[in-house]
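A quick write-up on the structure given underneath.
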Amino acid sequence: MRDTIQGLIADIGGTNARFALVNAAANITNEIILKCDSYSSINEAISAYLQQVDLKSAPKRASLAIAGPVKGDQINMTNHPWSFSIKALKDEFGFEKLTVMNDFEAVAFAIPFLEDKYLEKIGGGAAVELENKAVIGPGTGLGAALLIAKKDKSGFQVVPGEGGHVTMPARNQREFDIIHYLEHHKYSHVSGERVCSGKGLLNLYDTIRVLDDKMDRPALTPEQITKKAMDKSCEICVECLALMVRFLGRLASNMALMVNAYGGVYIAGGIAPQLIDYIKASDFRAEYWSKGRYKEYMRAIPTYIVTHPYVAFEGLRQDVLS
398 MRDTIQGLIA DIGGTNARFA LVNAAANITN EIILKCDSYS SINEAISAYL
448 QQVDLKSAPK RASLAIAGPV KGDQINMTNH PWSFSIKALK DEFGFEKLTV
498 MNDFEAVAFA IPFLEDKYLE KIGGGAAVEL ENKAVIGPGT GLGAALLIAK
548 KDKSGFQVVP GEGGHVTMPA RNQREFDIIH YLEHHKYSHV SGERVCSGKG
598 LLNLYDTIRV LDDKMDRPAL TPEQITKKAM DKSCEICVEC LALMVRFLGR
648 LASNMALMVN AYGGVYIAGG IAPQLIDYIK ASDFRAEYWS KGRYKEYMRA
698 IPTYIVTHPY VAFEGLRQDV LS
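Convert by adding 397 to the 1-based position in the sequence shown; the result is the number in the working numbering.
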């Protein structure tokens with residue numbers, strides 16, 4: 398079986414480690430999701446996956462997407478305690494080629510190859526082909542990356558980064574109070590991720606309970622907050638979800654402005670695809686194009702929710718086959 402496989406691919410976030418194989422026909426197969434907390438290391442998770450797909454040894458090539466910065470040999474994940482050496486991992490599994498990239502770098506690589514059925518448009522004009530694109534997405538954390546069009550229009554240069562950790566600006570007193578509380582009672586710096594992600598929802602909920610003197614309300618998970626917001630059974634949850642989506646619109650528009658993203662802004666991650674109808678009816682687009690004299694400029698730049706369940710795999714496949 399090993400000889401018929403092009404490579405191993407994995408998208409490893411703060412909660413889940415998604416694994417798959419790329420076969421000789423360049424198809425993605427054997428997708429399995431493992432819980433990161435069930436394994437003490439990435440090495441252990443890879444071994445568990447290989448065992449589950451009945452491979453006695455690893456494929457010759459592997460491409461891994463990691464939720465965190467990738468610089469140098471030592472990798473430390475942002476929202477999970479796993480850390481590892483790329484060289485040691487390559488040696489342990491005998492990979493001839495091992496690529497490790499930021500998770501949203503992999504998502505960005507995938508964007509030009511996605512079929513239209515995996516892109517749900519949320520307002521704006523038409524995306525201009527071979528123009529700059531921005532990618533952002535809330536999940537456990539908040540990821541971001543850019544696709545910069547090459548001058549000869551032959552494709553894109555993907556620019557990874559840690560855009561989810563830019564400072565989160567407030568635009569009204571309520572937002573200021575929330576961010577001020579978080580900055581003085583929980584964090585030294587309130588980034589986009591602190592209020593626009595699964596963990597961000599939890600931060601918003603816990604902060605509003607304090608600010609509104611409603612500590613009698615029960616502690617909730619991000620999933621429970623979302624559910625109660627959608628069925629309107631908890632007014633704090635309703636406000637939290639509205640705030641998170643508003644923050645997402647603000648962050649997405651800032652990215653679009655910075656690079657003239659005429660090719661569109663693409664919202665990936667695990668949260669947005671579950672909230673398509675909600676986002677369409679929300680203040681997301683109003684916040685997105687609320688840029689003063691650049692309002693009409695922003696109105697024209699489209700936003701899309703990426704609905705592909707394994708979008709990073711598409712980018713990783715391109716790397717394995719290259």
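All C-beta atoms in this analysis are idealised placements derived from N, C-alpha and C, irrespective of residue type, glycine included. Source: prediction; values computed, not measured.
What residues are listed by DSSP as bridge partners for residue i?
i    : result
P535 : L539
I664 : I533, I702
G404 : V419
V556 : L543
A709 : Paired residues: none, contrary to the question.
M498 : A462
I429 : F416
Q621 : Per DSSP, none; premise fails for Q621.
N473 : S480
L516 : V703
S588 : T564
How many angstroms separate the CA atom of residue i from the CA atom of residue j?
i    : j    : result
E572 : N600 : 13 Å
S679 : A523 : 21 Å
Y584 : A423 : 45 Å
D674 : N657 : 27 Å
L418 : V708 : 14 Å
A639 : A485 : 44 Å
L543 : D613 : 43 Å
E693 : T564 : 25 Å
W479 : G411 : 9 Å
V450 : I443 : 11 Å
S594 : I668 : 8 Å
P557 : M641 : 23 Å
A464 : D408 : 8 Å
E489 : L645 : 40 Å
E590 : M627 : 22 Å
K596 : I576 : 14 Å
L447 : I698 : 43 Å
Under the assumption that residue i contacts residue j (Cβ atoms under 8 Å), give the Cβ distance between them as a whole number of angstroms.
i    : j    : result
V532 : A541 : 7 Å
Y701 : L516 : 4 Å
I605 : C637 : 7 Å
R458 : K432 : With a Cβ gap of about 25 Å, R458 and K432 do not count as contacting.
P670 : T623 : Actually they are not in contact, since the Cβ atoms of P670 and T623 sit about 13 Å apart, beyond 8 Å.
Given a threshold of 16 other Cβ atoms within 10 Å of its Cβ, counted over all protein chains shown, does residue i qualify as buried or as exposed?
i    : result
V587 : buried
N569 : exposed
V662 : buried
M652 : buried
M474 : buried
V742 : This structure gives no information on residue 742, because the portion of the chain shown stretches from 398 to 719.
L718 : exposed
E684 : buried
H582 : exposed
K547 : exposed
P615 : exposed
G561 : buried
T401 : exposed
S551 : exposed
A649 : buried
K530 : buried
Using 8 Å as the threshold, is the stretch 419-438 in touch with the stretch 500-514, meaning 3 or more CB pairs across them? no
Indicate whether the contact test is met: 3 or more Cβ pairs, each with one atom in the stretch 506-516 and one in the stretch 613-621, closer than 8 Å. no
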